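Enquirer: I'd like to ask some things about the structure below.
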Amino acid sequence: MFKYKSKNKSNPVHRDWKKCTAETKERIEKQHPGQFVFEEIKPPAKTESMKKAEKESKEK
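Numbered according to the numbering used here, the sequence shown terminates at residue 84, and the numbering increases by one at each position without gaps.
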């Protein structure tokens with residue numbers, strides 16, 4: 025997943041970060057080269073409590 029926003033600050037539609045997939049990112053870059061800033065959204069690392077909850081749900 026990626027997030028993007030417009031470099032054009034006068035456009036209120038794209039002022040906030042929006043999420044997109046890699047395919048969408050490629051399409052936007054082709055249609056509007058250099059107009060948007062992209063950042064990759066890295067999924068949060070699993071914490072110990074998440075691992076424990078997963079293990080417990082599998083045991084049920």
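We treat Cβ as the ideally placed atom computed from N, Cα and C, and that holds for glycine. Quantities reported herein were computed from a predicted structural model and do not represent experimental measurements.
1. Candidates P68, E63, R51: which alpha carbon is nearest K43's?
2. Which class does K76 belong to by DSSP, given the choice of helix, strand or coil?
3. Could you tell me whether the Cβ atoms of S30 and F60 are closer together than 9 Å?
4. Rounded to the nearest angstrom, what separates W41 and Y28 at their Cα positions?
5. In its own chain, which residues sit with a C-beta less than 8 Å from the C-beta of R39, not counting the 5 before and 5 after it?
Expert: The relevant details are as follows:
1. Counting from one through the sequence shown, the residue named residue 43 turns up at place 19. By alpha-carbon distance to K43, the top candidate from P68, E63, R51 is E63.
2. Within the sequence shown, numbered from 1, the residue matching residue 76 stands at position 52. K76 falls in the helix class under three-state DSSP.
3. As a working note, residue 30 is residue 6 in the sequence shown. As a working note, residue 60 is residue 36 in the sequence shown. Taking 9 Å as the Cβ cut-off, S30 and F60 qualify as a contacting pair.
4. Indexing the sequence shown from 1 puts residue 41 at position 17. Indexing the sequence shown from 1 puts residue 28 at position 4. When only Cα atoms are considered, W41 and Y28 end up about 5 Å apart.
5. Here residue 39 refers to the residue found at position 15 when the sequence shown is read from its first residue. Excluding positions up to five away in sequence, the list reads K29, S30, K33.
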